[in-house]
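In what follows, a structure is listed as structure tokens, so that the remarks can point back to it.
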């Protein structure tokens, strides 16, 4: 199954007709419009599509059109005789229920065929109201959303119709539809058209009132049918004479043309006005910018300007293979999240946070504390993005360390202990937490403040999981390590006593000792991204190494200050003394901005290490891919380091929109959804695929490490001639390509693969992917359809494994 | 007119009955519920309020209740005989139309009286559907929103009713309502109740289907009425026997109790879990935290736990006097902004920005470039908040300067030129742009990098606008300056040639000369908050001083580098050479995060100085008070400083949600609304109030400087014995109090005034205000009601001017 692109042609103006309610005259409006098109000029051809129709065949909407808008092409895809909602009609017909994807594909194909056959105006009429269920019982407004056809809304002229019309309009807006016009019958008693004209005028949406149609016959027989036909024919004649439908059609045409013109000019305009993040504009041309009309589920709807035949839609489904910079979890255009955002906006707007509390901020904080699985983390500090959240984490860690060790940070440099290739954001404070690199060294105020360990990296190569040692460890450990399953790599508790475990610890201990005692460095925090260092190049760190780093730091506080010992718990402050919550050696900060909240298949990626951080930062997936929000969680002990009678000792950090209600509400919705998915076993199929078949796997770890990307793909790609290494975990797939130029920013091999994924013009969708040096990675939502993922895997196999 | 608090009592469970459409059986549902209450126990008393009723008196809903739910107290506030929408009925009645505020106040008073009289259950029934217009033609869902009563939604059991019920539900959600239950009639043919039961179950909203009521008589006469009454009586008896209404009532009661319990526990829970921004938690208690149930317009609905008599609602309207940390522009819970947010969320979610463009990001960038009034600013860089936007601005400015002057910033310190008391955010990079102070000096990595000028400050004292000189200028200028009007202070062009102007320039020039040539400092940018330095203590800088600073920096590039000259325009790059766009001396950065976008009454506060910055940062009001978003705008020349064949020369800065669609869409809506308000003269009344009456005011400046706060108030307060100085501009009012302790963080005088504004328990609303040292400030939206502002002014007068 291929995803459907949104539907947009220059020659064919296609609209979806939605009704504010059932029986508001959708088909009459359609007839009026098609009739007008047919009468306009001989070049115009109208077409009418009723995807799903219920009710007696004789009364079917497409037949009505054929009678009263002569010459209009009509089609009905699915017809059910019972005049009930389609979701009930299908049950009564007892035939195979058409799948939503099939309905969408049929609508798209019909419109495409028409576009190729010279049809200039097409209407796709829905059944009932906007939320009337389709055959699979979900709302039509959701069912047809991927097409995102502009809407002709037929409003309700009856008593109560103002309300139902506006609510129907709002339901469409919440789903990202553009309503291009509103039509309704004129009723001089209720005057809904006057009220609604004024209402929609403010939104620049044209509204056209039509004369009331003749009443329907009380009974249907040959005579009444004939009389009705006659009356309707006279009615349509009257409408054509008296109502300025032509000017409405011109407005609809203009809006269609404007939409395409705008899409055509967007790249040029963006090139003139937008300063892009992380982008070298030198040599960049407008054509390098992709206009995105909209997005739904895992797909962008991207504008394809040129090289199209007339029947091809100007919009194309493109798999968002970076999950929009690693933010998407529940799909684009998610109506539940959109409604959550609107609810919080409607209930609060924003509430200034200090001294106040509101439900979304409290709910989210409590949900995180209760569910994150780290008993140390008791306090939640809100900021707006990973970078600011890490700034707060660093301020917390440094203060706690300086406080305990009595250091005066204004007089001496306090440094960070971390890993090479780490990345924590682009504000200058957290840039200083990473070693000098392409990303930061040209920033005028950058001053790297720390020491960063080189570390052993995991990848699959030639069908085997390998841990490649950096030079200094390679010497002493003799060779790289090999594992038959990823579960073996993650059997950290078992591996602690291995030669590697002992060597890692000794190496870490002696390195820190040298830094502190020979070079006089002072360290204020240990910062790690658990398992995967994302922006640094999708580096997969041996979990044992990170675990050892944490153990050495906590087990040897004397390394950092000669007088330090492991602190005893304070039972007065920590009511559950069996749980260790005091930090030792250095405060440990986990940057889970990328790796947390199910990105790697688990709520917290710290669980892979079995290390409870003292401070942890989450963002990205937190809001399911909607708005910026970040939480920095900390232990009570870290919190108390800022407690003093002096206001100036407090953590004097804040942003205007701290804990904004919209973000918190969306985060609660998003987190709860993902937690429910985990509990209900939504990912069990993936887990099964990744369960090692070998014996000797530690009990309890079975299927604990898994990916949405198939194990077979990873294994197969690891044999590909151009592939240096590959891994998948959770929603992430990473492919390192061999590169004669040596990788890094200059790498071209990965860009070549990226190009091949974009230009699959065989009628399937595109894949939008991102490249980091010689690494191409792909990332899905946690809700991605397995068929879509396997289909993308097919593209990868074709690109990397086929002998061409 | 006082604002109405939201309605919430423990003893009285009050709900609003909304219908999915008209004629869905709202009154029957109300009767069923009231009937059940009345039958429950003798302690229970039901009450029914129909604020606005249309239709024949005999058929009125409250009469129906009286007949069939005997003993229920009923009330109708406004009755219109014509069975049409209230907005049409009022026209036909030709009486005075009740104002929305009056309707709200009456509903609130009725409920309060009932709460005090032992009523345990009350329903407030709306007319028609959720969006059916009230007497003043706006939607009931908006009209009643300030009360935010939990909703009993009566769904539609007819064909099409699934759609209209869900849409009605969504319209309520978008406005921040909580739907506590759904009822509808059972229809075994359409089975809407089955579909909706499943739908609302997923949202944890109980749905109860009721038996279908007997059909209405075809005609109304004495006989049919009697028959109908009998049939209805039998129906209600049947319902009472067969439907489990009691369990629904228990659920409603439980939800009411849960809401109050939660509000009661929120402060304690927040105290346990939340680490507040800018807050010293030492000594802070749960009672210092205010639970905010919701917010609407300019008011929080704050929870008042104790000291209430039974008739008082537990929620109280509290004026958001800090405009929620200076973010609010168009009022809390603004339905238009909420719908804009939902539209973008539904259309896109988030779209990763590099290499892509989407409509909201492009529209906003173009709108800003076209409307901001500074021809230099041509490129828009998006970030998430003022702090990150300023980090970007600093990176831009430093790069441009180092590039031109050939400095190697990795080897030498490049500094910032600024003003004392400036504040640019809490990320460490921009903290370094401010001089050492309480806010930053205890941050371990803070290293102030710059020089900050002391500056002359403006305030009104004893009825006169005074400019107080810092010591070094006081000596040479002899005395403080005085002006009879604020327009005089802002007559910057005229004042340039005054003694003060000449002295300012000379002082600035010689200071910079000394810093560079004696102390060897190198400067990379000039950063200013135009006019008002907000977080630094609402410091009002003499605009002439900031103008002179810009002129000296631009006019004397040789100050910063001996070889520098004013650069000639490059006509190839700048197509309109008559507009100067090249930076000279230093790039000038305006931090308009607080002062921009109408906070001071103008789109850009730079216009007060008539200086076009090279880089400008906007945030806060940008999104009208909904979600974080920031724009850093720059000149093409600054942009080109990052252009090179090397990727690593680019501005490698970005955040995951850069240019998120929700924020951009809301910003477009918000900005366009404010621009429309300015053009349509919405603030002309304020302008008039501030037009100087004196002669000799420079032409063209009349009424150009104005405030929503009345000129009379400012003048009167400036005479108050405890007031040191006062000023108002745009939406900002600032009152400096005399403080024997010397001001600063230890100041208590301002806190005293703050307390007096909170504790006005005379039935009026509270005022939530913020204090900065010895300054208490108040800030409104641009849409605040003038009556509300004048009413707050009354509180200030009482607190500061009455002789008690």
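Residue numbers (my numbering), protein chains in the order written: chain A, 1 to 804; chain B, 805 to 1608.
Glycine included, C-beta positions come from ideal geometry on N, C-alpha and C.
Self-check item: the region 155–162 of chain A in contact with the region 79–89 of chain A per 3-pair CB rule at 8 Å
Solution: No: the two stretches stay apart, fewer than three of their Cβ pairs being nearer than 8 Å.
Exercise. Within its chain, find whatever has a CB closer than 8 Å to the CB of residue 534 of chain A; leave out the 5 residues flanking it on each side and keep chain order.
Key: Along the first chain, one-based indexing puts residue 534 of chain A at 534. Beyond the five residues adjoining it in sequence on each side, residue 534 of chain A comes within less than 8 Å, by CB distance, of 326, 423, 594 and 595 in the same chain, given in chain order.
Quiz item: For the putative contact between residue 645 of chain A and residue 1086 of chain B, defined by C-beta atoms under 8 Å, what is the C-beta separation to the nearest angstrom?
Solution: By one-based count along the first chain, residue 645 of chain A stands at place 645. By one-based count along the second chain, residue 1086 of chain B stands at place 282. Confirmed, Cβ separation roughly 6 Å.
Quiz item: Near residue 449 of chain A, what residues of its chain come up, given a Cβ to Cβ distance below 8 Å and the 5 sequence neighbours on each side ignored?
Solution: Counting from one through the first chain, the residue named residue 449 of chain A turns up at place 449. Answer for residue 449 of chain A: 413, 414, 415, 416, 432 and 433, listed in chain order.
Quiz prompt | Boundaries (first-last residue) of the alpha helix (DSSP H) holding residue 929 of chain B | solution = Counted from its first residue, the second chain places residue 929 of chain B at position 125. No alpha helix (DSSP H) contains residue 929 of chain B, which is instead part of the beta strand (DSSP E) from 925–933.
Self-check item: Beta-carbon contacts of residue 1319 of chain B that lie in its chain and below 7 Å, excluding the five residues immediately before and after
Solution: Looking up residue 1319 of chain B in the second chain gives position 515. Around residue 1319 of chain B: 1255 and 1325.
Quiz prompt | Per DSSP, the bridge partner or partners of residue 459 of chain A | solution = By one-based count along the first chain, residue 459 of chain A stands at place 459. A:466, per the DSSP bridge assignment.
Quiz item: Whose C-alpha, out of B:1446, B:836 and B:1434, is nearest the C-alpha of residue 1229 of chain B?
Solution: By one-based count along the second chain, residue 1229 of chain B stands at place 425. When the alpha-carbon of residue 1229 of chain B is set against those of B:1446, B:836 and B:1434, the nearest one is in B:1434.
Quiz item: What residues are listed by DSSP as bridge partners for residue 326 of chain A?
Solution: Numbered from 1 along the first chain, position 326 holds the residue referred to as residue 326 of chain A. According to DSSP, residue 326 of chain A bridges with nothing at all.
Exercise. Kindly indicate the opening and closing residues of the beta strand (DSSP E) around residue 525 of chain A.
Key: Locating residue 525 of chain A in the first chain gives position 525, counting from the first residue. Looking at the DSSP string, the run of the beta strand (DSSP E) that includes residue 525 of chain A is 522–528.
Quiz item: Count the other CB atoms within 10 Å of the CB of residue 1570 of chain B; is the residue buried (16 or more) or exposed (fewer)?
Solution: One-based indexing of the second chain puts residue 1570 of chain B at position 766. Of the residues assessed, residue 1570 of chain B falls on the buried side of the cut-off, its CB having 16 or more other CB atoms within 10 angstroms.
Quiz prompt | Host beta strand (DSSP E) of residue 1106 of chain B (start-end) | solution = Position 302 of the second chain, counting from 1, holds the residue named residue 1106 of chain B. That run of the beta strand (DSSP E) goes 1103–1107.
Quiz item: Three-state secondary structure (DSSP) at residue 205 of chain A?
Solution: The sequence position of residue 205 of chain A within the first chain is 205, counting from 1. Coil, per DSSP.
Exercise. Could you confirm whether any beta carbon from chain A is found closer than 8 Å to the beta carbon of residue 1274 of chain B?
Key: Indexing the second chain from 1 puts residue 1274 of chain B at position 470. No, residue 1274 of chain B lies away from the interface with chain A (no Cβ there is under 8 Å from its Cβ).
Quiz item: Who are the neighbours of residue 266 of chain A on chain B, taking C-beta pairs under 7 Å?
Solution: Numbered from its first residue, the first chain carries residue 266 of chain A at position 266. Residues of chain B passing the Cβ test: 1161 and 1166.
Quiz item: Expressed to the nearest angstrom, what Euclidean distance is found between the alpha-carbon atoms of residue 442 of chain A and residue 1199 of chain B?
Solution: Reading the first chain from its first residue, position 442 is the one you call residue 442 of chain A. Reading the second chain from its first residue, position 395 is the one you call residue 1199 of chain B. The straight-line gap from Cα to Cα measures roughly 10 Å.
Quiz prompt | When B:1122, B:1418, B:1383 and B:1401 are compared against residue 1394 of chain B, the one with the closest alpha-carbon | solution = Taking the first residue of the second chain as 1, we reach residue 1394 of chain B at position 590. Distances from the alpha-carbon of residue 1394 of chain B to those of B:1122, B:1418, B:1383 and B:1401 put B:1418 closest.
Exercise. Can you give me, in chain order, the residues of the region 955–978 of chain B that have a beta carbon less than 7 Å from any beta carbon in chain A?
Key: For the region 955–978 of chain B, which is checked against every Cβ of chain A, the residues closer than 7 Å are 963, 964, 966, 967, 968, 970, 971, 972, 974, 975, 977 and 978.
Quiz item: Closest Cβ-Cβ distance between residue 994 of chain B and chain A: below 8 Å?
Solution: Here residue 994 of chain B corresponds to residue number 190 of the second chain, with the count starting at 1. Yes, residue 994 of chain B lies at the interface with chain A (some Cβ there is under 8 Å from its Cβ).
Quiz prompt | Residue(s) in a DSSP beta bridge with residue 481 of chain A | solution = Within the first chain, numbered from 1, the residue matching residue 481 of chain A stands at position 481. Beta-bridge partners assigned by DSSP to residue 481 of chain A: A:467.
Quiz prompt | Classification of residue 15 of chain A by the beta-carbon crowding that lies within 10 angstroms, buried from 16 upward | solution = As a working mapping, residue 15 of chain A is identified with position 15 in the first chain. Counting the other Cβ atoms within 10 Å of the Cβ of residue 15 of chain A gives 16 or more, which makes it buried.
Exercise. Using a Cβ-Cβ cut-off of less than 8 Å, list which residues of the region 389–414 of chain A approach chain B; keep chain order.
Key: Residues 391, 394, 395, 398, 399, 402, 409, 410 and 414.
Quiz item: Going along chain A in order, which residues have a C-beta closer than 8 Å to the C-beta of residue 1424 of chain B?
Solution: Numbered from 1 along the second chain, position 620 holds the residue referred to as residue 1424 of chain B. The contacting residues are 656.
Quiz item: Exposed or buried, residue 220 of chain A, counting other C-beta atoms within 10 Å across all chains shown (16 or more means buried)?
Solution: Residue 220 of chain A sits at position 220 when you count from the first residue of the first chain. Counting Cβ neighbours within 10 Å, residue 220 of chain A comes out exposed, since fewer than 16 surround it.
Practice problem: Can you say whether residue 1112 of chain B is buried or exposed, counting buried as having 16 or more other CB atoms within 10 angstroms of its CB? | Solution: If you number the second chain from 1, residue 1112 of chain B lands on position 308. Flag for residue 1112 of chain B reads exposed.
Quiz item: Helix, strand or coil for residue 1224 of chain B per DSSP?
Solution: Looking up residue 1224 of chain B in the second chain gives position 420. Assigned with DSSP and collapsed to three states, residue 1224 of chain B falls in coil, not helix or strand.
Exercise. For the alpha helix (DSSP H) holding residue 547 of chain A, just list the boundary residues, first then last.
Key: By one-based count along the first chain, residue 547 of chain A stands at place 547. Its alpha helix (DSSP H) spans residues 543–555.
Quiz prompt | Expected contact under 8 Å - CB spacing of residue 1184 of chain B and residue 1342 of chain B to nearest Å | solution = In the second chain, residue 1184 of chain B corresponds to position 380, counting from 1. In the second chain, residue 1342 of chain B corresponds to position 538, counting from 1. The Cβ separation is near 29 Å, so there is no contact.
Quiz item: Of all the residues that make up the region 336–354 of chain A, which are near chain B by a beta-carbon distance shorter than 9 Å?
Solution: For the region 336–354 of chain A, which is checked against every Cβ of chain B, the residues closer than 9 Å are 337, 338, 339, 340, 341, 342, 343, 344, 345, 346, 347, 348, 349, 350, 351, 352, 353 and 354.
Self-check item: C-alpha gap between residue 25 of chain A and residue 19 of chain A, whole angstroms
Solution: Position 25 of the first chain, counted from the first residue, corresponds to residue 25 of chain A. Position 19 of the first chain, counted from the first residue, corresponds to residue 19 of chain A. Each residue's alpha carbon lies about 8 Å from the other.
Quiz item: What does DSSP give as the partner residues of residue 1099 of chain B in its beta bridges?
Solution: Along the second chain, read from residue 1 onward, the residue named residue 1099 of chain B stands at position 295. According to DSSP, residue 1099 of chain B bridges with B:1104.
Quiz prompt | Under 7 Å by beta carbon: chain B residues contacting residue 662 of chain A | solution = The residue given as residue 662 of chain A occupies position 662 in the first chain. The answer, in chain order, is 1145, 1430 and 1431.
Exercise. Determine the burial state of residue 882 of chain B: buried for a count of at least 16 other Cβ atoms within 10 Å of its Cβ, exposed for fewer.
Key: Within the second chain, numbered from 1, the residue matching residue 882 of chain B stands at position 78. Around the beta carbon of residue 882 of chain B, 16 or more other beta carbons sit within 10 angstroms, so the residue counts as buried.
Self-check item: residue 1451 of chain B - DSSP class collapsed to helix/strand/coil
Solution: The residue labelled residue 1451 of chain B in the question sits at position 647 within the second chain. Looking at residue 1451 of chain B - three-state DSSP - the assignment turns out to be helix.
Quiz item: Three or more beta-carbon pairs under 8 Å between the region 291–298 of chain A and the region 1193–1209 of chain B, yes or no?
Solution: A contact between stretches requires three or more CB pairs, one per stretch, nearer than 8 Å, and the region 291–298 of chain A fails this requirement with the region 1193–1209 of chain B.
Quiz item: Helix or strand or just coil, what does DSSP make of residue 413 of chain A?
Solution: The residue given as residue 413 of chain A occupies position 413 in the first chain. Residue state, collapsed to three classes: coil.
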